[in-house]
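Residue numbers (the numbering used here), protein chains in the order written: chain Z, -8 to 250; chain E, -8 to 250; chain R, 20 to 356; chain X, 608 to 976; chain D, -6 to 344. Beta carbons: idealized from backbone N, C-alpha and C, even for Gly. Values in this document were obtained by computation on a predicted structure and should not be read as measured data.
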Amino acid sequence: MSKSIEVNNLNVYYGNFLAVEGVSMEIAPRSVTAFIGPSGCGKSTFLRTLNRMHEVIPGAHVEGDVLMDGDNLYGPGVDPVLVRRQVGMVFQRPNPFPTMSIKDNVLAGVRLNNKRISKSDADDLVEKSLKGANLWNEVRDRLDKPGAGLSGGQQQRLCIARAIAVSPQVLLMDEPCSALDPISTYAIEELIEELKSDYTIVIVTHNMQQASRVSDRTAFFNIAGTGKPGKLIEYNDTKAIFTTPNVQATEDYVSGRFG
Amino acid sequence: MSKSIEVNNLNVYYGNFLAVEGVSMEIAPRSVTAFIGPSGCGKSTFLRTLNRMHEVIPGAHVEGDVLMDGDNLYGPGVDPVLVRRQVGMVFQRPNPFPTMSIKDNVLAGVRLNNKRISKSDADDLVEKSLKGANLWNEVRDRLDKPGAGLSGGQQQRLCIARAIAVSPQVLLMDEPCSALDPISTYAIEELIEELKSDYTIVIVTHNMQQASRVSDRTAFFNIAGTGKPGKLIEYNDTKAIFTTPNVQATEDYVSGRFG
Amino acid sequence: MTDTIAPSPPALKRPSTKRRAGDTAFLGLSTASAVSILVILAGVAIFLIIQGWPAITANWATNPSLSVIQNPAQVPWGSFWEYVGPLLWGSIWSAFIAMLLGAPVAIGIALFISHYAPRRIAGALGYVVDLLAAVPSIVFGLWGIMVIRPLLLPLSHFLNEYFGWLPFFEGPVSSTGSTILAGGVVLAVMILPIVTSITREIFLQTPRLHEEAALALGATRWEMIRLSVLPYARSGMVSATLLGLGRALGETMAIALIISPSLIYSVKVLTDGYNSQTIAANIALNFPISDEMQRSALIGTGLMLFVVSFGVNILARSLVSASGPKKEKRRSKGKSA
Amino acid sequence: MSASTTNAPPVPRSSAPITLTSGQLPRWIEPAVLAGSAIVVAAVLFVLTQSFNAGVWLFFTAIVYLVGIGLGSTVVENRRKATDRVVRGLVISAFILALIPLVSTLVTVIVQGAAVLNWNFIWTVGGTSFNPDTLEVTYTPGAFQAVVGTLIITGIATLISVPIGILTAIYLVEYAQPNNPLRRAITFLVDVMTGIPSIVAGLFAFSLFSLIVGPKAFSGFSASIALCVLMIPIVVRSTEEMLRLVPNELREASFALGVPRSTTILKIVLRTAASGIVTGVVLAIARIVGETAPIFIAASFTDALNLNPFQDPMQTLAVMAYTNYSFPTTDIAASQAQAWGAALLLVILVVIFNLIARIVATVFAPKTR
Amino acid sequence: SSGSTTPGSTASSTPTTAAVASTVDPSLTGTITAGGSSAQANAQAAWTAAYNAQVKGVTINYDKSQGSGGGVTNFLSGAYDFAGSDSPLKADQTDQSKSLCTAGGLNIPIYLDGVAIIYNISGVTSLKLSGATVAKIFNLQITDWSDPAITADNGTALPAGPITTVARSDGSGTTQNFTNYLAATQPTDWPYPAANSWPVTGNVSAQKGGSGVVNTVQSGTGTIGYADHSAIGTLNSAAIIQDGTAIPFSPEAVTQTFAVAAVPASNGVPGDLSQKFDYSKLTAETYPIPLVSYGILCSTFKSAEQAKLTVNYLSFISSTAGQSVAAKNAGSAPLPDSILEQAQATLATIK
Ligand SMILES: Nc1ncnc2c1ncn2[C@@H]1O[C@H](COP(=O)(O)OP(=O)(O)OP(=O)(O)O)[C@@H](O)[C@H]1O
Ligand SMILES: Nc1ncnc2c1ncn2[C@@H]1O[C@H](COP(=O)(O)OP(=O)(O)OP(=O)(O)O)[C@@H](O)[C@H]1O
Ligand SMILES: [Mg+2]
Ligand SMILES: [Mg+2]
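Structure (C-alpha cells):
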C-alpha cells in the first residue's frame, strides 16, 4: 500500500530560475520524512515535484528523475493525473471547495473521479476520514453545511480529511499544521503515526519539535542567498540530524531555541 | 506611545450566533499578552474586536465595552478608522497588496495620512520597517518588485513591516508566525521583545513555547463544544499559566506535549 | 483504516482509458471553440473586405452610384476616405459621450452594490440593475424617442444659455430633441448594465484578505477600495468598459431612431442639424435604399469601424499594461499540465 | 513614550491623532446637508430660470451636496474623511442616477404596452381579416408568431454561442499559456468582435447562407448565426473574467486529488464560477434579443407563424416592435400600441430568463454558511 | 371556396365602370417572398389580406423593412419573387436582371400616392403653400411662419415662430419623389438635383422613416415635414398651390396627376411599364407631388410554379378591385384604368 521514492539529482526551475538544485534522496516506504529549512529554500517547490504538482505553474519544470518503486514519475507516457492519485497532498493554506458541503468536500476525490460509491460506504468514508482528521466531533451535525464556513483550523483539517479519503500511497504535507492549534496538531501527528504503517509520508514543517516527534528521517534544505537555488544540505535519520548533524549549517539551524 | 486596554464583559456575535461570551480582561501598556486555546474557540474573533475589525464581517457585533486608556472604543462618535490607525493588526495569512511593489506595500498605511512624504523619509521608513521585520536583506535589491512575488514567509514579514510602519499604539497579531520558518519566527519574536517597550502587543498563537517566550501575560480561551460560545477560561501571568494554572482545562491544554 | 475502499494501486503509465480520452477531447473541444472564433472573425473580416473593396478603391467623383451619395458640401465625395472621415468621427464622438456619461456611473453603481449598500439589500439592488440589462435595445430606442428627447430639451436650452461659449454647447439648439446628447444618454444607459454587472462581480470577488489589510491600516472605506478593490479589479474594469464601448460603437437602431444626423465633423451636442453621423446608424439608414456599389461603400465603412475597434482595443490594452505591473500575474493564472 | 528605552522605536512617529473621536460631523449632517442643498438649489433655479426642471434640480442638488459635505468635512474632520464622504455621495448618486432611466423605461414600456397586452395578444398570431363588401381590412393584434420566432432564433443562437463562448473562455483561462499566440490573438479579437455593428453581422450571416443554400436564404437559423456573432464575444469575455476569479488553490486542491484537468474544470472551476457565468449569459441574451437589423437582413420579415427555423422568414418581438413603430398602418396609434405591447412582452421574456438565471446562480453560488 | 363572393370575381362580374378585372385562382398554394418599398407596406398588407381571403393556400411575406434598394438587390440576387420599389430598375440593374430573367426585369406601377406636406403650427388647421414657398421653406430660406411669402400664399398672416423643417435621415423613395418635384418645378429656389437622400444641411431635423418624420412633426411646434400621404395619420397637410389653385391632397387629384403627367419611360424590356412625370403638364386639378411605386418581377421565372403565384397576386393588385382595397385601407390613390390594363397585359406574358 505504500511505495518507496528515489530522487536522482533533481533540479527544479521556474522558467529560467533554478529554484532547487541537485537533490538526491531515497525515501523508504512506510516511513515519515520531514523537510526542514528556512523560508524560501525550496521545500514546497521540491515537495511538489514528488507528485508533479509543480507542473500546474506555467514554466515550472524539472531535470532529473523521481522513481516511485522504480517507476520514473517523469518517464515517457506517465500520466501526471495518475501520479497525483497515488501521491496525495495537503497544502499550507486550507482550500476546501467553496461550492461543496463538508461531506462533499471529503468525498470530492472519490466523486470527481467518477467512482460510484454507495450511500452507506460514503457515510462510512466521511466519518472515518473526518475522525482521522480529528474534525468529526465538531462537524458531525453539520455535514451538509458549506466547508467554507469553518474556521481556518477546521478548514485545514477538512482538507486533510479530503486527502486521506482517496487513500493515496504517498501523502505529501506542506506545513499542514501551521494553521492548527495544539489539539488538532496532536491529532494530526497521531494520525501520521497511524498512517505511516500504510503510507509513505513526506511532511514539510517549520516546527522542529514536530519534525523530531513524527519523522523517521529528516532532510535539511538551505539557500545561500536570494536568487540562489535551494539545496539539500543534509539528509539523515531524524535523531542524527537533531543530535549529531554532520554539517555546521544544520547544527546552526536545529539548535535554534525555537520550536 | 502605548495604551492600556480594558475589556468589560464583552460578547461577540456573528448575526445571532454568540461566538465569544463574557470576556473581561485588563491589558497593561507596554506588555505582551498571548491568547491561546483550541481552534474555533474565538481567539481571532475576540482579537478583532480590539480594533473593531470584526465590523467588516456583515452581522458581526459586540455587546460590552473595550476601553483604551479609558476611552471606550465602542462609545458614541468613535470612528473605527481612527481606532484601527492606533491599533494595528497582522493577520494569520499574509496579505500584501498584490498590485503594489514591496516598497509601496510598506508605505501604504503611511501614504494614507501623509501623501507628501519626502523620498528620503520614505526610504528611511521602508528600510527601518523592513529591518524590523527581518526582511530587509532579502528584498533590499528588489524593493520595486511586487510584494506578491515573495514566498509565504517573506510575505508575512512584509505585512508586519507594513503594520509597524504606521507606528500604531497597540499591535494585534493573529498567529503571525504560523507561516514562518524558525529563523523568521525568531526575528519576529525578537522584534516583539523590542517593540513591547513602546507598544502594547496582543498575539494569538498556537505555539505554547512562543507564548511562554514572548508574553508577559497569557489568556487561555476554550469552547465547551460546537455551537457553544468561546470563553475566557483563565488570564494570568504567563509563568503562572504555564506552571501553576488555576483551572484544570488550562492545565490539560498547556501540559500537552506539543509546542 | 482506509483500505476498505482503497483501490488497488493503478499503474502510472497512461492507459488509454475513457477518462483521459475525455481530457483530450475537452482540450480539443475548447481549442476548437477558440479557433472557431478566429474563423468567424476571419469570415466577417474577409466578408467586409471583399464587399467593401470596390467602393474603397473606386473613384467616387466619377462612379455613377458613388457620386450621388449625399455630401453636405453638395459636391461628390472625392474618395471613400473623405466619406468615411466624418462617420468615423461621429462613431467615436458618440461612443465617447456615452462612455463619459455611462462608465463612471456604471462603476459607481457596481461599487455601491458591492461595497456601500447594506448587505441585505445589495442582492436586490444587483437584481434591479440586471433588470436594466433585461431591457432590449429596441425598447431603449423607443424610450429614447418618447422620453429622453423631450426630457433633454429644457436642459439643452439651459446648457446653451449658460455654457454656450463652449463649442459643445453651441446653438442653434434643437427644437425636436434629436441631438447627439440624447443619443449619448440613451447609449450610456444601454451600456450601464453590461459594465455594471461585470465590474460588480469582480468587485465582490476582491479577496477579503486584501480588504482587511487596508482596513487594518486605518483606511477609510474609500481608501480601502482604492488600495485593494480597484487594483484587483483593474483589468476586469477595463474589459467591462471595452465591452460597453463595443456596444456603444456598434449600436445601430437606437442611434438611427434618435439622432438627426449629418455627415460632418462636429462637436456640437445640442443641435438638430450638426450631429455627426455614426457608422452603424449610417449603414442602417442607407442600406435599404442603396444599390450594390453604394452598399459596398457602406460595408467599407463597417470595415473601418472594425479597424477602429482594433485600435481602441490596442490602446486600452497598452494603457492597462502600462499602469498595471501585476496585470499579467492575474491573467496568467491559467496553466498547463 | 518619552520614557522609552534606548531601543528607539523602529520608525518615525507620524502625527497620528491620539483621540478616537476627533472631528466628527454628527450623524444627521448628511441628510441635513442634502435637504439644505435641495432647497437652496430649487430656490436659486427658480429665481434664475423662472421654471422648474426636475433633472436640472437633482443634478445641481447632488453637486451642491457633494461640494458642501466635502468642504464641511474637510474643515471639521479631515481631508481623508471628506474624500470618503464625497465618494460615498458620488456612488450613491450614481446609483440613483441609474434608477431613473430604469424606472422610466420600465414605466414607459408598462404603461404603453399594458394597453394591448393580454392573453389573446400573446396566444394569437397577428393577422388581418377582410370584409369583401366594404373592402375593409381589419388588423387583429397578436404576437404569437413573434414570441415563437424570438424563442427559436434566440434559443438557437444561445445554444450555439454559450458552449462556444464558455469553451473558448476555458481555453483562454485554463489551457493556454500566457504567451500563447493563439490566446493573445483570441483575447484581442474577441474584444474587437464586440464592436461589430449588428447590421454587419446580419449581412455576414445572410451572405454566408446565400453561398450555402442559394438566394432564398432567409431563415431563422441564419438570423441565429448573425446573433451568434454578436453574442459569442460577450459570453467569452464575461466567462473569462469569472473563471479568472476562481482561486488557483481550488484547482490545485483538485489536481492533488488526482482529478484530471477536464473534470477539475467542469466540476470545480465552472461550478465555482457558475453564478457569474450565468449572469454573463443572461446579459448576452438580453443584448441580442433586442436586435432588429440583423433579423431583417437574415430572416427577412413575415406576419405569419413559421415554426421551421431552416426555411422562410421569421418574426421576432423586437422586429415586431420596430416594424409596428416604424411602418405603422393607417391607424398609427394602434400600430404604436402593438409596438409597445411587443416591447413589453420582450421585456417580460427577458425578465423571465433573468429570473431563471438568478435561481440557477443562487443554486450554484459558493456558500459560506 | 365560393368564388362568386370574392371581391376579385365580384369586380369582374359586376360591370360597374370600365373595371379592370383579374382572375384570382383560389386553388393555388405556396409562398411568395417579396419586399422593398415601405411606402407600399400598408397597401401590401391590405392586398395580402384581401388576396388571402380568396386564396387561402398562399403565404405572402412582404418585407417592408428592406426599402426599395433592398428589395431590388434581393430581387436581383434571386431571393425575392418580386420587389416593391419607389423607382424603376436603373439601366445597369436592368442589365443585371437579364441574367436572372431571360428578357429582363419588368417594372409595373402598382401603387400611387402623393407626398403630403405635413405641419404642426399651434392654432393653424389649414395651410396653403405655393411650390416656390415650399422650396424656400425646405431650403431654409424662409425661417419664420410670419414670412410675407407664406402670408401671401394664405391671404392672412400666420402666428410668428421659427420654422423647423423635418426631413428623412434615411434614403427613401418619398424623398426621391419630393425632390423630383422640387428640382423640376423650382430650379431657382431648389438648386439641388433630385435624389433619394435629403440634400439640405444645416438646421434640419432628420428622422428615420416616414414614421419618424410624422412623429417629430407631431411632437414639435412650428414643424413642417413631408411624408407619404398614407402614413400621416391625423396630421394636417398643406394644400399646394398649382396654377393659382390650392389643391389639397386627394386620391382623385393624384390619379388625375398620373393620368395627365405620367409618360412612359420603358427600360427596353418588352412589356415594361416604367413611368416618368412631366411636371409641366400639371393642371389646376392635379395634386402636384405624386409618388408612384412599382412591382418589379422577372419576365421569365426560374420556376413556373412561382411565376404562377406571383403573377396571380400581382394581377389582383393591378385590378380595379385591388386598387380599391389599397385606396380604402392604405389611403392611396387608384391607378388609372389605362395603366392597369397595360399591367394585366404585361402580367399575362410572364412565364
Ligand atoms: N510560482 C513561482 N514562480 C516563481 N518563483 C517561485 C514560485 N514559487 C516560489 N518561487 C521561488 O522559489 C523559491 C522557493 O520557494 P518555496 O515556496 O518552495 O520555499 P519554501 O521553502 O516552501 O518557503 P516557505 O517556508 O516560506 O514556505 C523562492 O525563492 C520563491 O521565491
Ligand atoms: N465570519 C464568520 N461568520 C460566522 N461564524 C464565524 C465567522 N468566523 C468565525 N466564526 C465562528 O466563530 C467561532 C470562533 O472562530 P475564530 O476564527 O475566532 O476561532 P479561532 O480561535 O481564531 O480559531 P483558529 O485557531 O482556528 O484560528 C468558530 O465557531 C467559527 O466557526
Ligand atoms: Mg513553502
Ligand atoms: Mg484564528
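Check your understanding: Does any residue of chain X bring its CB to less than 8 Å from the CB of Z/N42?
Key -> yes
Review point. Does any heavy atom of ligand 5 sit closer than 7 Å to the C-beta of Z/A10?
Key: Looking at this structure, you won't find ligand 5 anywhere; what it does contain is ligand 1, ligand 2, ligand 3 and ligand 4.
Review point. Between the beta-carbon of X/Y672 and the beta-carbon of X/S711, is there less than 8 Å?
Key: no
Practice item. Compare the Cα-Cα distances from E/K136 to each of E/N128, E/A113, E/I93, E/S203 and report the closest residue. Key: E/I93
Exercise for review: Using only the heavy atoms of ligand 1, determine whether one of them is closer than 7 Å to the beta carbon of E/V169.
Suggested key: The question names Val, but residue 169 of chain E in the sequence shown is Ser. Result no, Cβ not under 7 Å from ligand 1.
Exercise for review: Helix, strand or coil for Z/H45, going by three-state DSSP, please let me know.
Suggested key: helix
**Study point:** Residue span of the alpha helix (DSSP H) that contains R/H229, given as start and end
**Key:** 227 to 235
Point to revise | 7 Å Cβ shell around E/A10 - same chain, five flanking residues per side excluded | key: V3, Y4, G33, T36, P220, G221
Review point. In chain order, what residues of the segment 149 to 171 of chain E put their CB closer than 9 Å to some CB of chain Z?
Key: E166, C168, S169, A170, L171
Practice item. Kindly indicate if chain E contains any beta-carbon less than 8 Å away from that of X/R986. Key: Not covered by the structure: residue 986 of chain X. The range shown for chain X is 608 to 976.
Practice item. Pull up the CB-CB distance for X/G749 and X/T731, whole angstroms please, since I reckon it's below 8 Å. Key: 4 Å
Review point. In this structure, does DSSP put R/S35 in helix, strand or coil?
Key: Confidence in R/S35 is poor, its pLDDT being 44 and thus under 50, which makes the residue's placement too unreliable to answer from.
**Study point:** Z/V195 Cβ short of 7 Å to ligand 3 heavy atom set
**Key:** yes
Review point. What residues from chain E crowd round X/R687, counting only those whose CB sits closer than 9 Å?
Key: V72, L103, N104
Check your understanding: Are R/L268 and R/L211 close, meaning C-beta to C-beta below 8 Å?
Key -> no
**Study point:** Z/G6 versus Z/D132, Z/E242, Z/H52, residue with shortest Cα-Cα distance
**Key:** Z/H52
Check your understanding: If you pair each beta-carbon of the segment 812 to 831 of chain X with each one of the segment 38 to 48 of chain Z, do three or more pairs fall below 8 Å?
Key -> no
Review point. Which of the three DSSP states, helix, strand or coil, is assigned to Z/D189?
Key: coil
Exercise for review: Quick one: grab the DSSP three-state call for R/Q70.
Suggested key: helix
Exercise for review: Pick helix, strand or coil for E/S15, following the three-state DSSP scheme.
Suggested key: strand
Exercise for review: Find out if the Cβ-Cβ distance for the pair R/T198, R/L289 is shorter than 8 Å.
Suggested key: yes
Practice item. Using only alpha-carbon positions, find the residue among X/L641, X/I763, X/F903, X/R791 that is nearest to R/I333. Key: X/R791
Review point. Using 8 Å as the limit for Cβ to Cβ distance, is R/S55 near chain X?
Key: yes
Review point. Is X/R634 helix, strand or coil when you go by DSSP?
Key: coil
Check your understanding: Can you give the Cα-Cα distance for Z/R148 and Z/A99, rounded to whole angstroms?
Key -> 15 Å
Practice item. May I have the straight-line CA-CA distance separating D/T22 from D/A300, to the nearest angstrom? Key: 12 Å
Practice item. Please state if the CB of D/L290 and the CB of D/Q316 are separated by a distance shorter than 8 Å. Key: no
Check your understanding: Who are the Cβ neighbours of E/S(-7) in its own chain at under 8 Å, not counting the five residues just before and after it?
Key -> P20, R21, Q160, V161, D189, Y190, T191
Review point. Mind pulling the chain E residues with CB within less than 7 Å of Z/R84?
Key: R84
Review point. In chain order, what residues of the same chain lie with their CB nearer than 6 Å to the CB of Z/R248, ignoring the 5 residues before and after it?
Key: Since pLDDT at Z/R248 reaches only 41, below the 50 mark, its modelled position is unreliable, and the value read off the structure follows with that caveat. For Z/R248, where only same-chain residues beyond five positions count, there are no Cβ hits under 6 Å.
**Study point:** CA nearest to the CA of R/G62, picked from R/S337, R/F325, R/V248
**Key:** R/F325
Check your understanding: If we count the other Cβ atoms within 10 Å of its Cβ and call it buried at 16 or more, is X/R686 buried or exposed?
Key -> exposed
Check your understanding: Is E/K34 near ligand 2, judged by its Cβ being under 7 Å from some heavy atom?
Key -> yes
Review point. In this structure, does DSSP put Z/K110 in helix, strand or coil?
Key: helix
Exercise for review: Report the rounded CA-to-CA distance for R/M272 versus X/L837, giving the unit in angstroms.
Suggested key: 15 Å
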